[in-house]
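K.L.:
In this text, residue positions in the sequence shown follow our numbering: the first is 724, and each later residue adds one. Cβ coordinates follow ideal geometry from the N, Cα and C atoms, glycine included. Nothing here was measured: the structure is a model prediction, and the numbers come from that model. Below you'll find the structure I mean.
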Amino acid sequence: MVDLSKLDKTKDLGVIKKAEDLIKNIGIPSQPKIVHEINKEVNKIKVDFKLLASLIEKDVALSAKVIKIANSPFFSTRKIETIEQALITLGVSNFKNIVVLTALKESVDKYSSNKDFNDKFFRHSSMVALCARTIAKKIKSPLYEMAYLLGLFHDCAVPLFMKKYKDYSDLVDLALYTVPLEALQGKYKSVIGLEDGRYYTNHCVAGYLVAKSWLLDENICNAICYHHFIDLSIHKNSMLEQLISILLVSEFIVERFDTSKDYTIKKDTKEVKQWAILHRQPISILSIDSEDLVDLQEDIFEMLNQVSI
């Protein structure tokens, strides 16, 4: 399903081929063995906590990183000192998310030596993931775990573009955030148009291929491929529509959080309501309105203020 919003078939194949070449040239960051083993165990009818803990404990460095993230205020209010304690306290689902989060961070660090960028990318992805899961739960969607993984991986190809293309640094902010108003109005190209123009491919298609290599759910992979396309009418899959809608709202809220100097709620909600008007499809799909969006933003700002990322 990688047709990139009704582009002609020849261009689609060219965009995909170029993305494949990019990944082959750099070396695709495939799913770590430990993540595969964890997923295999978690998907069993009866999960063996001791076996799960032992899988992680084989890697001392990974264990330390998992425990550090587990002690974040978002995941736990009590001190966690061991992997087994993390499992019992957090539950299997949260534990798996932390392992995937840690593995993704290690993968990014491996492919980019730019610490400032790595920290920025990891912070952005983590915050969007937390935001996406929170929104999914607030609207009572059963897709909250998929929403979390989508938030975590939606820009997973951006580090590859940073490594491959020296001039990509001036596109990073456009890639990491929502489509600007000016691009929506056709005043200038979106980041996808700019990437296609320079590199004959884009981070959405490359991200789709990376997500496939990590064996993520097909709906997550497709959502990554389309996450900069705001016309959701092209999809015939309600699950995909909802995932992309959750991601679009999450990125908007995280972007506002990052641009708010004192990280407090702006009294003027005009920008929020304007965004809701311009993004009627995701707002409608999530069955919310502009006032709900303002309330969501307030709740999520409060949550993000408490999280150490």
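1. Tell me which same chain residues have a C-beta within less than 6 Å of the C-beta of Lys935, skipping the five on either side of it?
2. Quick check on Phe1024: buried or exposed, where buried means 16 or more other Cβ atoms within 10 Å of its Cβ?
3. For Leu1083, tell me which candidate among Glu1021, Lys959, Thr800 and Ser849 has the shortest Cα-Cα distance.
4. Looking only at its own chain, which residues have a Cβ that is under 8 Å from the Cβ of Tyr986, when we skip the five neighbours before and after it?
5. In the DSSP assignment, find the unbroken alpha helix (DSSP H) run with Lys756 in it and report its ends.
6. Whole alpha helix (DSSP H) runs in the stretch 787-826 with 4 or more residues, listed along the chain?
7. Let me know the secondary structure DSSP gives Asn841 once reduced to three states.
8. Under the three-state reduction of DSSP, which class applies to Pro882: helix, strand or coil?
9. Considering Thr982, what are the terminal residues of the alpha helix (DSSP H) in which it resides?
10. Just to confirm, is the Cβ distance from Ser835 to Pro882 under 8 Å?
11. Relative to the C-alpha of Lys860, which candidate in Leu966, Lys767 and Arg921 has its C-alpha closest?
12. Can you find the residues in the same chain that come closer than 6 Å, C-beta to C-beta, to His847, ignoring five residues on each side of it along the sequence?
13. For Lys819, collect the residues of the same chain with a Cβ closer than 8 Å to its Cβ; drop the 5 residues on either side in sequence, then sort them by chain order.
14. Hey, out of Ser956, His958, His951 and Lys833, whose CA is closest to Val972's CA?
15. Could you check what DSSP says for Tyr986 in three-state terms: helix, strand or coil?
16. Please state if the CB of Leu745 and the CB of Lys887 are separated by a distance shorter than 8 Å.
17. Take the Cβ of Ala999 as the centre, count every other Cβ of all protein chains shown within 10 Å, and call the residue buried at 16 or more, exposed below.
18. Where Thr924 and Leu917 are concerned, what is the direct C-alpha to C-alpha distance, given to the nearest angstrom?
19. Beta-carbon within less than 8 Å of Ala946's beta-carbon, same chain only, minus the 5 sequence neighbours each way: which residues are those?
20. Applying the criterion that 16 or more other CB atoms from any shown protein chain within 10 Å of the CB defines a buried residue, is Glu941 buried or exposed?
21. For my contact list, Val851 and Val770 are in at a C-beta cut-off of 8 Å; report their separation, rounded to the angstrom.
22. Taking all protein chains shown into account, decide if Thr800 is buried (16 or more other Cβ within 10 angstroms of its Cβ) or exposed.
23. I think Ile1006 touches Leu1016, with their Cβ atoms under 8 Å apart; what is that distance to the nearest whole Å?
24. By a C-beta neighbour count over all protein chains shown, 10 Å radius and 16 as the cutoff for buried, is Lys734 buried or exposed?
25. Would Ser864 be called buried (16 or more neighbouring beta carbons within 10 Å of its own) or exposed?
P.N.:
So, to answer that:
1. Within the sequence shown, the letter at position 212 stands for residue 935. Cys944, listed in sequence order.
2. Position 301 of the sequence shown, counting from 1, holds the residue named residue 1024. Buried: at least 16 other Cβ atoms inside 10 Å.
3. Since the first and last residues shown for the chain are 724 and 1032, residue 1083 lies out of range.
4. Position 263 of the sequence shown, counted from the first residue, corresponds to residue 986. Per-residue confidence for Tyr986 stands at a pLDDT of 49, beneath the threshold of 50, marking its modelled position as unreliable; the derived number appears in the next sentence. For Tyr986, same chain residues with a beta-carbon under 8 Å away, outside a window of 5 residues either side, are Phe980, Phe1024, Leu1027 and Asn1028 in chain order.
5. Position 33 of the sequence shown, counted from the start, is the residue given in the question as residue 756. Following the DSSP letters along the chain, one finds Lys756 inside the alpha helix (DSSP H) bounded by residues Lys756 to Val765.
6. Correct list: 806-813.
7. The sequence position of residue 841 within the sequence shown is 118, counting from 1. The three-state reading of DSSP puts Asn841 in helix, counting H, G and I together.
8. Here residue 882 corresponds to residue number 159 of the sequence shown, with the count starting at 1. Helix, per DSSP.
9. Within the sequence shown, residue 982 is the residue found at index 259, counting from 1. Under the DSSP assignment, Thr982 falls in the alpha helix (DSSP H) whose first and last residues are Ser961 to Thr982.
10. The residue labelled residue 835 in the question sits at position 112 within the sequence shown. The residue labelled residue 882 in the question sits at position 159 within the sequence shown. A distance below 8 Å separates the beta carbons of Ser835 and Pro882.
11. Here residue 860 refers to the residue found at position 137 of the sequence shown. Measuring C-alpha to C-alpha distances from Lys860 to each of Leu966, Lys767 and Arg921 identifies Leu966 as the nearest.
12. Taking the sequence shown and counting its residues from 1, one reaches residue 847 at position 124. So the list reads Leu899, once near-sequence residues are dropped.
13. Residue 819 sits at position 96 when you count from the first residue of the sequence shown. Ile761, Asn762 and Val765, listed in sequence order.
14. Numbered from 1 along the sequence shown, position 249 holds the residue referred to as residue 972. Closest by C-alpha distance to Val972, out of Ser956, His958, His951 and Lys833, is His951.
15. Taking the sequence shown and counting its residues from 1, the one referred to as residue 986 is at position 263. Model confidence at Tyr986 stands at a pLDDT of 49, short of 50, so the residue's coordinates are unreliable; what they give is reported in the following sentence. If DSSP states are grouped into helix, strand and coil, Tyr986 belongs with coil.
16. One-based indexing of the sequence shown puts residue 887 at position 164. One-based indexing of the sequence shown puts residue 745 at position 22. Their beta carbons are under 8 Å apart, which means Lys887 touches Leu745 by this criterion.
17. One-based indexing of the sequence shown puts residue 999 at position 276. It counts as buried.
18. What you label residue 924 is simply residue 201 of the sequence shown in a count that begins at 1. What you label residue 917 is simply residue 194 of the sequence shown in a count that begins at 1. Looking at the backbone, the Cα of Thr924 and that of Leu917 are separated by about 10 Å.
19. Numbered from its first residue, the sequence shown carries residue 946 at position 223. Excluding its 5 nearest sequence neighbours in each direction, Ala946 has C-beta neighbours in its own chain below 8 Å: Leu873, His877, Leu963, Leu966, Ile967 and Leu970, listed in chain order.
20. In the sequence shown, residue 941 corresponds to position 218, counting from 1. Exposed, because fewer than 16 other Cβ atoms sit within 10 Å of the Cβ of Glu941.
21. For the purposes of this step, residue 851 is taken as residue 128 along the sequence shown, with counting starting at 1. For the purposes of this step, residue 770 is taken as residue 47 along the sequence shown, with counting starting at 1. In this structure Val851 is not in contact with Val770, their Cβ atoms being roughly 28 Å apart against a cut-off of 8 Å.
22. Counting from 1 along the sequence shown, the entry for residue 800 is found at position 77. Answer is exposed; the Cβ neighbour count stays below 16.
23. As a position in the sequence shown, residue 1006 is number 283, starting the count at 1. As a position in the sequence shown, residue 1016 is number 293, starting the count at 1. Contact between Ile1006 and Leu1016 holds, with the beta-carbon distance rounding to 7 Å and staying under 8 Å.
24. Position 11 of the sequence shown holds residue 734. Residue confidence for Lys734 is low, a pLDDT of 46 falling below 50, so the modelled location carries little weight and cannot support an answer.
25. Taking the sequence shown and counting its residues from 1, one reaches residue 864 at position 141. Counting Cβ neighbours within 10 Å, Ser864 comes out buried, since at least 16 surround it.
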